[in-house]
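Engineer:
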Amino acid sequence: MKNINPKYSKELSGNRIQPQICLIFDWGDTVMRDFIEFKGPMIQWPKVEAIPFIEENLQMLAPHYTLCLGSNAGDSNTSLMVDALKRLGLDVYFDYYFTSKDLGVEKPEPLFFQTIAREAGYEPSQCIVIGNDYLKDVSGGKNAGMKTVFLNSKMLEGSFPKADAIIHTLENLDGVIGELVKEL
634 MKNINPKYSK ELSGNRIQPQ ICLIFDWGDT VMRDFIEFKG PMIQWPKVEA
684 IPFIEENLQM LAPHYTLCLG SNAGDSNTSL MVDALKRLGL DVYFDYYFTS
734 KDLGVEKPEP LFFQTIAREA GYEPSQCIVI GNDYLKDVSG GKNAGMKTVF
784 LNSKMLEGSF PKADAIIHTL ENLDGVIGEL VKEL
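According to the working numbering, the sequence shown is numbered sequentially starting from 634.
1) Using a 10 Å radius around the Cβ and a threshold of 16 neighbouring Cβ atoms, would you call Pro696 buried or exposed?
2) Look up Lys780 in the DSSP assignment and give the residues it is bridged to.
3) Tell me which same chain residues have a C-beta within less than 7 Å of the C-beta of Met779, skipping the five on either side of it?
4) Quick check: the stretch 702-709 against the stretch 728-737, are at least 3 beta-carbon pairs closer than 8 Å?
5) Would you report the Cα separation of Met634 and Tyr755, rounded to the nearest angstrom?
6) Under 6 Å Cβ to Cβ from Lys769, same chain only, skipping five residues before and after it: list those, please.
7) Between Trp678 and Met714, which are expected to be in contact by the criterion C-beta below 8 Å, what is the C-beta distance as a whole number of angstroms?
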């Protein structure tokens, strides 16, 4: 299988066995804060910031799951996205990185998520999408045949039927993922 972005994936190291589950994280406002006052690629912003509890969760999840980052990434391609993650040391947790610019398809298209799953070596039914945008991340992931976690940090009200789990912070993400994995 050819990886779309072989430069932006890491080989499974040593004795690590391919995990059974793939977690696909959105980037902006799920992993790193998307400051609306800054324009251009995030790597060029005067400051960058991790979303609270993301690093702790990535540390807990990375040994047990394949972690992918999938983003429409506005002004960034995959290389620029990885460079922005490096500013906070978050790049080390992800196995694969994908942007719509490199995939040629944007969220919420199911093909965006299905391509990530395929390139990472998974079926959609083995994937869980974590994102803060109900339409792009949650509906898109669900329509691709994946489980979904809606990070509703803006405390939006309403019905979110395509979310398998709804959280308001990332504080207990590892526990939520653990429960969803039992359903797969």
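Cβ atoms here follow ideal geometry from the backbone N, Cα and C, with glycine treated the same way.
Structural biologist: In brief:
1) For the purposes of this step, residue 696 is identified with residue 63 of the sequence shown, where counting begins at 1. Classification of Pro696: exposed, given that the 10 Å Cβ count is below 16.
2) Numbered from its first residue, the sequence shown carries residue 780 at position 147. BP columns for Lys780 point to Ile761.
3) Taking the first residue of the sequence shown as 1, we reach residue 779 at position 146. Counting only residues of its own chain and dropping the five nearest sequence neighbours on each side, Met779 has a CB closer than 7 Å to the CB of Phe746, Pro757, Cys760, Ile761 and Val762.
4) Output reads yes: the stretch 702-709 touches the stretch 728-737.
5) For the purposes of this step, residue 634 is taken as the residue at position 1 of the sequence shown. For the purposes of this step, residue 755 is taken as the residue at position 122 of the sequence shown. Unreliable placement is indicated for Met634, whose pLDDT of 27 sits below 50; no coordinate value is reported for it.
6) Indexing the sequence shown from 1 puts residue 769 at position 136. If we look at Lys769 and ignore the five residues flanking it on each side, its Cβ neighbours are Lys740 and Pro741.
7) Mapped onto the sequence shown, residue 678 falls at position 45. Mapped onto the sequence shown, residue 714 falls at position 81. Under the criterion of beta carbons closer than 8 Å, Trp678 and Met714 do not qualify as touching, at roughly 13 Å.
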